[in-house]
Every structure is written in structure tokens, then in C-alpha cells.
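To convert a position in the sequence shown, counted from 1, into the working numbering, add 6. Presented below is the structure to which this report refers.
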Amino acid sequence: MAEGPRMRTYVITGGTDGMGRGLGLHFLRRGDRVIAVASGETKGRAFLAEADRLGAADRAVYVRADLSAVAGMRRTIDEVMGVTDAVDGLVFGAQRFRPEREETEDGLEFTFALAYLSRFVIGHGLMEHLERADAAVIMNIAGPGGMPGKINWDDLQFREGYKGMRAAMQASRCNDLLGVGFAARHPAARTRYVLYNPGFVATAMADPLPQPQRAVTKALARFFATPVDKAIVPIAGLLDDPPGPVVTAFKRGTPLSLTGKDFDPAAAERLHQVTTDLLAPITARDQT
Ligand SMILES: NC(=O)c1ccc[n+]([C@@H]2O[C@H](COP(=O)([O-])OP(=O)(O)OC[C@H]3O[C@@H](n4cnc5c(N)ncnc54)[C@H](OP(=O)(O)O)[C@@H]3O)[C@@H](O)[C@H]2O)c1
7 MAEGPRMRTY
17 VITGGTDGMG
27 RGLGLHFLRR
37 GDRVIAVASG
47 ETKGRAFLAE
57 ADRLGAADRA
67 VYVRADLSAV
77 AGMRRTIDEV
87 MGVTDAVDGL
97 VFGAQRFRPE
107 REETEDGLEF
117 TFALAYLSRF
127 VIGHGLMEHL
137 ERADAAVIMN
147 IAGPGGMPGK
157 INWDDLQFRE
167 GYKGMRAAMQ
177 ASRCNDLLGV
187 GFAARHPAAR
197 TRYVLYNPGF
207 VATAMADPLP
217 QPQRAVTKAL
227 ARFFATPVDK
237 AIVPIAGLLD
247 DPPGPVVTAF
257 KRGTPLSLTG
267 KDFDPAAAER
277 LHQVTTDLLA
287 PITARDQT
């Protein structure tokens, strides 16, 4: 008897809301396994209830972890390893805008930790599991080719001059370099790294904004934002049919050139080194 299609396993940070949830339910509907990671209990329970409604309760896992904390990032890796030997798709979609500067339990600025560092730690931490899959993809949903922003090299943690938008844009630029650094570090990898800018999508993204920006963004979203169901189509397509090159970038499904300062290999190497140095004392602390 012919074998049916193999069940694939997707790990999705921010898998309980917005595009992460949309992708997770899409994969559950077609028979795959989804490990959704997020910090809140209510949305986690709602995700599992929806999976149950779809008849996919045995293929849906919710990992509750605060991905702004290195301990939460590492626990996520451990939990995934406890569920599966191979990961076909690793989607990074966890985000939370912070209008005011906040520090995590590791003494890092929250946006840097959640929107960039968690992708660095989990991506590298699950590399062996990704390489065991036939054609794995790391899908980093961020903002390549979008709004400008720069890396504040002298003060990555924004101890001075914090603005929520500046921190968010810095995290986006860090993610551009994370993709470029991946290709340099794993030139022979079977896993593909995709940097993806979805444009303006109607999600819970605006909820943490202060007024009046929240009301304005939500009003604009009604007219100009892409609905989640539509925004995830090209993302799911790239996960199903990975691009040829090790790293690629797309804006709403259109390929972007990986030239220019946002994708500078020397800056990618510098960021890798700085990030490794930042993590070293946190790792040492957690091992004592
Ligand atoms: N929406 C847009 O217009 C847009 C535009 C460009 C790029 N993007 C990018 O696309 C990705 C997905 O965005 P979205 O708008 O779909 O997201 P969203 O609807 O705002 O959902 C965010 C997800 O992240 C989780 N999360 C928040 N804080 C967390 C924490 N500390 N630890 C773990 N999980 C946490 C949330 O669950 P909990 O709150 O329960 O933890 C939720 O599941 C993000 O990377 C975003 O930067 C979005």
C-alpha cells in the first residue's frame, strides 16, 4: 500500500496569535504537528481548544515560555527536543511592542531579547533537529526591506535614548544580520533561512501601543492591513517549497536583494560575536 504524506513538525514562536496562529492552524488542518510557543495561558488554551475542534488535539502542543528570558528560550529548546527528533519548519513570530524601556530578568532590553535574541538562541539550539528533516526552513518574520532603522552598536540595550520604534527597528536589522550570519556559519546546511517582511497585517500588534497611536493604527488596519489568512499564504508556500540559496529575503512574497548595509557580512559577524559575548555570563550564571 502506498504511504501517505509524512507528518511534518512545525515550531512556531508567537504561535497563539496573529500570523503564527494562522500558520499553526493551517498546518494542523492539513495533518501536520505544531508546537506553538508563547507566554500567555489564555491564548495558549484557546489555541489548543481550536486544535481540538479541528480534530488535531494529538498533533498540537503548547509550550508556555517567556521568550524575553534566556531561561524561557532554553526551556523551549528542551521541550521541543522532548517532543520530536526533527523539525521541518521553525517560524519566528513572537513579538510585543514596548513603548517604555523594560529590562528582562537577564538585564537585557526587552525588545532586543524577545524579537532578536530568542531567534538567535532557538535557531542555533535547534539546528541539529532542523538538519534531520528533509528540507527544513527557518522562517524569520520581521521587517527586511521595510522601515529604516539601525543597530545602536555603542548601546545595544538602549540604556540611553530608548524609543519603542527605535528598539523595534534595531531588532529588525539584527534579524537581517542573523540570516546573513546563518549562511556564513552553515554554508553546507540543508536548512534554508528565510527573512520575511509581511507588510502591514491585521493582528494584535497594535494592542500594546499607547493612545492615540493604538486607535490610529487599528483604524488604518481596517482599510490597509492584509488579513492574516491572506498574509500567511506566501509564508506557507516558502515553508513548503524552500528557496535554493541558504539565505533569502522577501517582502510580501517578492524576493529582496541581499546587498547593502542591512545585509553586510562583516556586520553580521560582529553581531554574532557581540551576541555570543552577551550570552556567556548568562549561561555561566544559569549553570551554577
Ligand atoms: N503585524 C504586522 O503588521 C507585522 C509587520 C511586519 C512584521 N511583523 C512581524 O511578524 C511577526 C508576527 O507578528 P504578528 O503581528 O502576527 O504578532 P501578534 O499577533 O502580535 O502575536 C504575537 C505573538 O507573540 C507572543 N508573545 C508576546 N510576547 C511574548 C513573550 N514574552 N514570550 C513568548 N511569546 C510572546 C504572543 O502571545 P502571548 O502574548 O500570550 O505571549 C503572540 O502569540 C512578528 O515577528 C512581527 O514583528 C508583523
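Cβ atoms here follow ideal geometry from the backbone N, Cα and C, with glycine treated the same way. Note that this is a predicted model, so its numbers are computed, not measured.
How far does the alpha helix (DSSP H) with residue i in it reach, from first residue to last?
{"i": "G243", "result": "V234 to D246"}
{"i": "V69", "result": "From DSSP, V69 is part of no alpha helix (DSSP H) but of the beta strand (DSSP E) over A66 to R70."}
{"i": "T48", "result": "E47 to R59"}
{"i": "A173", "result": "G170 to R191"}
{"i": "V222", "result": "Q219 to F230"}
{"i": "M87", "result": "V76 to V89"}
{"i": "R165", "result": "Element bounds for R165: n/a, residue is neither H nor E."}
Is DSSP giving residue i helix, strand or coil here?
{"i": "I157", "result": "coil"}
{"i": "A290", "result": "helix"}
{"i": "A100", "result": "coil"}
{"i": "R39", "result": "strand"}
{"i": "L264", "result": "coil"}
{"i": "F116", "result": "helix"}
{"i": "M13", "result": "coil"}
{"i": "M7", "result": "Bear in mind that a pLDDT of 49 at M7, under 50, signals an unreliable position, so the number given afterwards is only what the model happens to contain. Coil."}
{"i": "A274", "result": "helix"}
{"i": "G95", "result": "strand"}
{"i": "L31", "result": "helix"}
{"i": "F206", "result": "coil"}
{"i": "T22", "result": "coil"}
{"i": "V253", "result": "strand"}
{"i": "G139", "result": "For the sequence presented, residue 139 should be read as Ala rather than Gly. Coil at A139, not helix or strand."}
{"i": "E134", "result": "helix"}
Where does residue i land, buried or exposed, given buried means 16+ other C-beta within 10 angstroms?
{"i": "D64", "result": "exposed"}
{"i": "S263", "result": "exposed"}
{"i": "R12", "result": "exposed"}
{"i": "T260", "result": "exposed"}
{"i": "D89", "result": "This sequence places Val at residue 89; Asp is not what is there. Exposed."}
{"i": "M7", "result": "With a pLDDT of 49 at M7, under the threshold of 50, the predicted position of this residue should be treated as unreliable, and no value is reported."}
{"i": "T94", "result": "Per the sequence presented here, residue 94 reads as Asp, with Thr not at that position. D94 should be labelled buried."}
{"i": "E111", "result": "exposed"}
{"i": "R125", "result": "buried"}
{"i": "K169", "result": "exposed"}
{"i": "P218", "result": "exposed"}
{"i": "Q101", "result": "buried"}
Could you tell me the distance, in whole angstroms, from the CA atom of residue i to the CA atom of residue j?
{"i": "A42", "j": "P154", "result": "30 Å"}
{"i": "A225", "j": "T209", "result": "12 Å"}
{"i": "H135", "j": "A92", "result": "4 Å"}
{"i": "S178", "j": "P287", "result": "25 Å"}
{"i": "L183", "j": "D58", "result": "38 Å"}
{"i": "P216", "j": "R107", "result": "13 Å"}
What is the residue span of the beta strand (DSSP E) that residue i lies within?
{"i": "R312", "result": "Because residue 312 is not part of the residues shown, which for the chain are 7 to 294, the question remains open."}
{"i": "M145", "result": "V143 to I147"}
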